[in-house]
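Peer 1: Right, I'll just put the structure down here and ask away after.
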Amino acid sequence: MLSSNNNNNNNNTITARTSTNIEKKRQEGEEETMNLIRTTDTTTTTTTTNNVFDRELVSNTFCMTRKSLLILVLGTMIGYFIVPNLLVEKELGFNNLMSTGTTTNNNRLSGAKYTRTSTNNKNKKKRRILVTGGAGFVGSHLVDKLMSEGHDVIALDNFYTGSENNIAHWLSHPNFRLIVHDVTEPIQLEVDEIYHLACPASPPHYQYNPIKTIKTSTMGTMNMLGLAKRVGARILFSSTSEIYGDPLIHPQPESYWGNVNPIGPRACYDEGKRVAETMMYAYAQKENVDVRVARIFNTFGPRMHPNDGRVVSNFIIQALQNKNITIYGDGTQSRSFQYVSDLINGLTMLMDQTTYTQPVNLGNPDEYTIQNFAQYIQRLVPKSKSDIVYYPKSQDDPSQRQPDITTAFTQLGWKPIVEVEQGLKETIAYFRNVLNTQGEIIPTGPGASKPHQA
Ligand SMILES: NC(=O)c1ccc[n+]([C@@H]2O[C@H](COP(=O)([O-])OP(=O)(O)OC[C@H]3O[C@@H](n4cnc5c(N)ncnc54)[C@H](O)[C@@H]3O)[C@@H](O)[C@H]2O)c1
Numbered sequence: 001m002l003s004s005n006n007n008n009n010n011n012n013t014i015t016a017r018t019s020t021n022i023e024k025k026r027q028e029g030e031e032e033t034m035n036l037i038r039t040t041d042t043t044t045t046t047t048t049t050n051n052v053f054d055r056e057l058v059s060n061t062f063c064m065t066r067k068s069l070l071i072l073v074l075g076t077m078i079g080y081f082i083v084p085n086l087l088v089e090k091e092l093g094f095n096n097l098m099s100t101g102t103t104t105n106n107n108r109l110s111g112a113k114y115t116r117t118s119t120n121n122k123n124k125k126k127r128r129i130l131v132t133g134g135a136g137f138v139g140s141h142l143v144d145k146l147m148s149e150g151h152d153v154i155a156l157d158n159f160y161t162g163s164e165n166n167i168a169h170w171l172s173h174p175n176f177r178l179i180v181h182d183v184t185e186p187i188q189l190e191v192d193e194i195y196h197l198a199c200p201a202s203p204p205h206y207q208y209n210p211i212k213t214i215k216t217s218t219m220g221t222m223n224m225l226g227l228a229k230r231v232g233a234r235i236l237f238s239s240t241s242e243i244y245g246d247p248l249i250h251p252q253p254e255s256y257w258g259n260v261n262p263i264g265p266r267a268c269y270d271e272g273k274r275v276a277e278t279m280m281y282a283y284a285q286k287e288n289v290d291v292r293v294a295r296i297f298n299t300f301g302p303r304m305h306p307n308d309g310r311v312v313s314n315f316i317i318q319a320l321q322n323k324n325i326t327i328y329g330d331g332t333q334s335r336s337f338q339y340v341s342d343l344i345n346g347l348t349m350l351m352d353q354t355t356y357t358q359p360v361n362l363g364n365p366d367e368y369t370i371q372n373f374a375q376y377i378q379r380l381v382p383k384s385k386s387d388i389v390y391y392p393k394s395q396d397d398p399s400q401r402q403p404d405i406t407t408a409f410t411q412l413g414w415k416p417i418v419e420v421e422q423g424l425k426e427t428i429a430y431f432r433n434v435l436n437t438q439g440e441i442i443p444t445g446p447g448a449s450k451p452h453q454a
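Residue numbering for the sequence shown is 1 to 454, as defined by my numbering.
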């Protein structure tokens with residue numbers, strides 16, 4: 001009781017003191033206000049003291065509210081848009097090609113329209129977008145584009161080959177969520193669109209655990225299709241030129257059914273992707289799921305896994321470290337290479353177009369023999385002392401690869417716009433930086449190997 005009384009007394013005292021302070025402040029405020037009014041506007045001195053005080057209070061509050069609102073808006077803009085984009089530019093250091101999408105020579109010739117990887121995409125409605133494999137090479141660039149367009153983006157990844165570094169610049173952004181999850185397990189989310197990219201893409205990494213690779217393509221795609229069906233989301237699947245196998249038709253149009261060895265070391269990936277495509281169209285037919293299928297050809301650029309054993313990353317890393325450039329086979333096999341920003345534009349254009357649902361090749365028809373490509377990289381790293389050396393060809397390595405991109409051009413108005421040389425220069429600069437920070441990198445050979453932490 002006593003203590004309660006004491007408390008009450010104390011409380012009262014505090015209340016009384018507070019009232020006195022308020023009253024004092026009010027009086028001081030009145031005095032200041034009156035002085036101000038007297039010196040600035042004699043007509044207002046006719047107003048009663050209380051009214052003046054209240055009016056000033058309201059006006060000050062209003063000013064404060066306007067100021068606060070302004071600061072809030074500016075702060076929000078700086079926090080949400082400017083800083084992340086500056087961070088992206090600073091972190092990427094390769095934003096020239098990523099942000100332009102406007103290398104115009106080709107555009108002028110063709111008259112085609114290309115999407116810009118711009119921060120101002122006012123015509124697009126904000127959507128909730130899931131990117132599986134969002135911490136990987138392609139996925140993280142796609143996340144960059146979708147985030148800079150103002151969408152709510154969920155990146156889902158199990159970090160098998162992906163890295164949190166690739167998306168670190170978005171982690172604190174309110175429109176971004178990272179979910180560490182394996183697509184072979186079902187997941188319930190509310191989204192409008194799904195870019196389903198989760199799957200290791202480099203031969204050594206997908207061959208390391210072929211059963212897991214098959215599960216990722218089959219069970220993973222089934223789970224994502226189930227999700228798309230439940231929430232009515234459009235789903236885009238990242239298929240591959242590998243579904244054409246060692247092609248007997250050159251260049252490869254989408255109508256070509258391919259030449260795949262179903263039991264070879266690459267089959268876990270190639271056949272996994274083929275059956276995933278089959279699932280996409282089965283769900284489209286039977287369950288009315290709105291599907292898109294991109295058949296992606298060799299893509300390169302910053303954030304490629306340094307140990308992925310692919311031609312571009314291996315050759316560049318070898319040349320930068322004066323190690324021998326290793327070719328598996330006689331070097332006459334051909335490949336076509338597209339820069340990652342072109343692919344990202346192609347993926348979003350395919351997702352956004354409303355009518356065409358058949359598979360679409362996305363690649364750069366600029367074709368090189370592997371030997372010419374190695375020499376090309378030697379030239380672009382001028383001080384390199386690397387020699388080119390040859391090892392036996394790896395099993396089922398395709399002898400030629402070149403996309404026929406007529407469909408992409410006629411249906412989407414898309415074609416690659418970044419010159420391979422330009423893209424290589426950006427990628428060389430990126431890997432030079434990686435080597436400076438990480439130290440020596442021993443490139444992976446063609447055999448199965450577990451991904452090192454990127
Ligand atoms: N890069 C290319 O040249 C190329 C060519 C053809 C097709 N593709 C396809 O594009 C997609 C992305 O390729 P990438 O080059 O960015 O490869 P990547 O290995 O860099 O990215 C794949 C991402 O998926 C994640 N992942 C793998 N298995 C998963 C699982 N079970 N659950 C959740 N996440 C998983 C990885 O951790 C990684 O972040 C892949 O589907 C690939 O098949 C890429």
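All C-beta atoms in this analysis are idealised placements derived from N, C-alpha and C, irrespective of residue type, glycine included. This structure is a prediction, so every number in the text was calculated from the model and none was measured.
Closer than 8 Å by C-beta to methionine 351: which residues in its own chain qualify, once you throw out the five before and the five after it? Chain order, please.
Peer 2: Excluding positions up to five away in sequence, the list reads Glu193, Tyr195, Arg234, Leu236 and Arg292.
Peer 1: By DSSP's criteria, alanine 294 is part of a beta bridge. Which residues make up the other side?
Peer 2: Per DSSP, Ser238 and Val360.
Peer 1: Of all the beta strand (DSSP E) runs that stay within the bounds of the segment 242–283, which reach a length of 3 or more residues?
Peer 2: If we require 3 residues or more, the segment 242–283 turns out to have no beta strand (DSSP E) run fully inside it.
Peer 1: For histidine 205, which residues from the same chain have a beta carbon less than 6 Å from its beta carbon, with the 5 sequence-adjacent residues on both sides left out?
Peer 2: Here the set comprises Thr161 and Pro451.
Peer 1: For ligand 2, is there any heavy atom lying closer than 7 Å to the beta carbon of proline 200?
Peer 2: The model on display carries ligand 1 but not ligand 2.
Peer 1: Helix or strand or just coil, what does DSSP make of alanine 374?
Peer 2: Here alanine 374 sits in helix by DSSP.
Peer 1: Under a three-way DSSP split, which group does tyrosine 114 fall into?
Peer 2: With a pLDDT of 28 at tyrosine 114, under the threshold of 50, the modelled position of this residue cannot be trusted, and the question is left open.
Peer 1: Give a single yes or no on whether isoleucine 194 has its beta carbon closer than 7 Å to a heavy atom of ligand 1.
Peer 2: For ligand 1, not one heavy atom lies less than 7 Å from the Cβ of isoleucine 194.
Peer 1: Tell me whether histidine 169 sits in a helix, a strand or coil according to DSSP, three-state version.
Peer 2: If DSSP states are grouped into helix, strand and coil, histidine 169 belongs with the helices.
Peer 1: Could you check the C-alpha separation between leucine 320 and arginine 303 for me, to the nearest Å?
Peer 2: Going from the Cα of leucine 320 to the Cα of arginine 303 covers about 16 Å.
Peer 1: On the DSSP letters alone, give me the boundaries of the beta strand (DSSP E) that threonine 289 sits inside.
Peer 2: One detail in the question is off: residue 289 reads as valine in this sequence, not threonine. Taken as a continuous stretch (DSSP letters only), valine 289 belongs to no beta strand (DSSP E), as it is neither H nor E.
Peer 1: Just confirm the distance between the C-beta atoms of valine 360 and threonine 407, as a whole number of angstroms; I'd bet it's less than 8 Å.
Peer 2: Going by Cβ atoms, the distance from valine 360 to threonine 407 rounds to 5 Å, so yes, they are a contact pair.
Peer 1: Ligand 1 and glycine 162: does any heavy atom of the ligand fall closer than 7 Å to the residue's C-beta?
Peer 2: Glycine 162: yes, Cβ under 7 Å from ligand 1.
Peer 1: Determine the contact status of lysine 425 and asparagine 322, defining contact as a CB-CB distance below 8 Å.
Peer 2: Contact: no.
Peer 1: State yes or no: is the C-beta of glycine 346 within less than 8 Å of the C-beta of proline 403?
Peer 2: Against a cut-off of 8 Å, the Cβ pair of proline 403 and glycine 346 comes out as no contact.
Peer 1: Roughly how many angstroms lie between the CA atoms of glycine 232 and aspartate 290, to the nearest whole one?
Peer 2: Cα-Cα distance, rounded: 8 Å.
Peer 1: Among Gly150, Thr184, Ser163 and Asn165, which has the Cα closest to the Cα of proline 174?
Peer 2: It is Gly150.
Peer 1: Pick out whichever of Ser399, Glu185, Ile243 and Ile417 has its Cα sitting closest to the Cα of threonine 369.
Peer 2: Closest option to threonine 369, Cα to Cα, is Ser399.
Peer 1: State yes or no: is the C-beta of alanine 374 within less than 8 Å of the C-beta of isoleucine 428?
Peer 2: The answer is no: Cβ separation not under 8 Å.
Peer 1: Is there contact here, the segment 271–289 with the segment 213–222, by at least three beta-carbon pairs under 8 Å?
Peer 2: Counting Cβ pairs under 8 Å, three or more are found: they touch.
Peer 1: Take the Cβ of serine 148 as the centre, count every other Cβ of all protein chains shown within 10 Å, and call the residue buried at 16 or more, exposed below.
Peer 2: Buried, by the Cβ-count rule.
Peer 1: Helix, strand or coil: how does DSSP classify glutamate 164 here?
Peer 2: Note: glutamate 164 maps to helix in three-state DSSP.
Peer 1: Check whether the Cβ of histidine 305 sits closer than 7 Å to any heavy atom of ligand 1, and report yes or no.
Peer 2: Within the cutoff, so yes.
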